[in-house]
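Residue numbers (UniProt numbering): 1 to 284.
Each residue gets a CB set at the ideal place from its N, CA and C atoms; glycine is no exception.
Structure, as structure tokens:
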């Protein structure tokens, strides 16, 4: 970003009249560039899109899209910018602005999850996932995409991960085998998941270890799971706490990947390589 700004300053001082106008506009509207196109900039400055394009190529970019990519890859929020943003957010929240209140609640939920990652039961859950013979992730059909996403992330660190959403009696996969010894069941609870407690009790009876992901205020009994990871309460009893849930699942998967170490890096390399081969094969 700083390199881009320095180039703009150079052209503001020593460019052609058109270059100076474009450089000055970019300098004064950096935050707006992600929403601009060469045509929209040209229209604002009463120039041709070709003139804007030539200027961007002179800066070393193929077009405004490549500038946006550069911004995404190099953008770093400084501590001062972060503090200013938080202060602005707190002011807006104190004035009762709905979006500010929502974002504040989600930041508080992320703080809750980050604190959770330092707890003993978090480390226990990570170890269970890494050591289990197989890992099953069960949830209500409404949250099937979350279970699938989590399973996909876990495959970067290990084999034998299965996402189950209960549709078409898929939970039967857990109990078709004589025993669940050595296997792990992760239950993602939600208010519609009426079978969750029965599923947990039955799984433990079959020998599965159970990691439960649910809200702090849920009425689960201690003996219904081996480890419970608690989400903050939802804004309303009628809502599922989805943003904190996806954050917890991503953090949990990343913890497992980090605990796996070099083996996970090698798995990621093989997965990427295989994906490239399939991509090449599919284009023929």
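With fewer than 16 neighbouring CB atoms inside 10 Å of its own CB, residue 235 falls in the exposed class. Under DSSP, residue 185 forms a beta bridge with 136, 210. Taking C-beta atoms under 8 Å as the contact rule, residue 185 and residue 150 fail to qualify, at a distance of about 13 Å. Annotated three-state conformation of residue 118 is coil, per DSSP. Residue 149: member of the alpha helix (DSSP H) spanning 144-154, first to last residue. Beta-bridge partners of residue 215 (DSSP): 231. Remark: three or more beta-carbon pairs, one from each stretch, lie closer than 8 Å, so the segment 31-46 and the segment 60-70 are flagged as touching.
In the three-state DSSP reduction, residue 176 falls in the coil class, being neither helix nor strand. If you ignore the 5 residues before and after residue 26, its C-beta comes within less than 7 Å of the C-beta of 8, 33, all in its own chain and listed in chain order. In this structure, the alpha-carbon of residue 209 lies about 45 Å from that of residue 71.
Cβ contact annotation for residue 112 (same chain, cutoff 6 Å, sequence separation greater than five): 232, in chain order.
Scanning its chain for C-beta atoms nearer than 7 Å, with the 5 sequence neighbours on each side dropped, one finds around residue 248 the residues 113, 213, 229, 231, in chain order. Inclusion of residue 115 and residue 190 in the CB contact set at 8 Å is not warranted, their separation being larger than that value. Residue pairing from DSSP places residue 161 in a beta bridge opposite 135. Burial check for residue 91: the Cβ neighbour count within 10 Å stays below 16, so the residue is exposed. Between the segment 173-180 and the segment 145-159, the count of C-beta pairs closer than 8 Å stays below three; the two stretches do not touch. CA-CA distance, residue 30 to residue 55, rounds to 16 Å. Counting the other Cβ atoms within 10 Å of the Cβ of residue 244 gives 16 or more, which makes it buried. Counting the other Cβ atoms within 10 Å of the Cβ of residue 120 gives fewer than 16, which makes it exposed. The C-beta distance from residue 59 to residue 18 rounds to 14 Å, too long to fall under 8 Å, and the pair is not in contact.
Between the alpha carbons of residue 273 and residue 267 lies a distance of about 10 Å.
Cβ contact annotation for residue 44 (same chain, cutoff 8 Å, sequence separation greater than five): 25, in chain order. Secondary structure at residue 240: coil, using DSSP grouped into helix, strand and coil. DSSP, read as helix, strand or coil, puts residue 35 in helix. Bounds of the alpha helix (DSSP H) holding residue 17 are 17-28.
Taking all protein chains in view, the Cβ of residue 225 is crowded by 16 or more other Cβ atoms within 10 Å, so the residue is classified as buried.
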